[in-house]
Every structure is written in C-alpha cells, then in structure tokens.
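Comments concern the structure below.
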Amino acid sequence: MSINLRQAVMSNISGSSKEDMEATIQDALTKGEEKMLPGLGVLFEMFWKQADEDEKDEMVKTLSKEAQNV
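In the working numbering, the protein residues as written are 43 to 112.
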C-alpha cells in the first residue's frame, strides 16, 4: 500500500479557513509530536511555491537567524 503524504495533507486542509490553518499549525507546534513534522513540511512547501522572492528571502533570513540560536 502506497501513501502519498502530500495528497493526504492537502486533503485534510482542503477548504480550511485562515483560522483553521492557524489552529492546525498552532496545534502541531504546541503538541511537538514528530509525526506532525511532515505535515508542517508540506505546508511550508505550499508557502514556498507561491511566495515571491522577497517573501522567500525573508523566510530564509528568519530561519538562518533561528538556526544560530539552536
């Protein structure tokens, strides 16, 4: 049996409002369960694909800055 994680995540968030998306992200971060990480990765991929260069640059700067504090 083959599971397509991207499609499963996309199916789960289909039709979600802004509030629903924020709650999903907050829930994943609050629980801190590793099984949530792939779903967050799919959401990040969605963001990245639609982001313009300024948004991507800002995200990379933020991630780089946070990586220095790990």
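Where is the CB? At the ideal position from N, CA and C, for every residue including glycine. Since this is a predicted model, take the numbers as computed values, not measurements.
Tell me whether residue i sits in a helix, a strand or coil according to DSSP, three-state version.
{"i": "SER56", "result": "coil"}
{"i": "ALA65", "result": "helix"}
{"i": "VAL112", "result": "coil"}
{"i": "LEU96", "result": "Per the sequence presented here, residue 96 reads as Asp, with Leu not at that position. Helix."}
{"i": "GLU87", "result": "helix"}
{"i": "GLU75", "result": "coil"}
Can you give the Cα-Cα distance for residue i and residue j, rounded to whole angstroms?
{"i": "GLN110", "j": "GLY81", "result": "24 Å"}
{"i": "GLU97", "j": "SER59", "result": "21 Å"}
{"i": "GLU64", "j": "THR104", "result": "19 Å"}
Flag residue i as yes if its beta-carbon sits less than 8 Å from any beta-carbon of chain D, otherwise no.
{"i": "ASN111", "result": "Chain labels in this structure do not include chain D; a single protein chain is all it has."}
Could you say if the segment 44 to 62 and the segment 80 to 95 meet the contact criterion of at least three C-beta pairs nearer than 8 Å?
The segment 44 to 62, when compared against the segment 80 to 95, does touch it at the 8 Å Cβ threshold.
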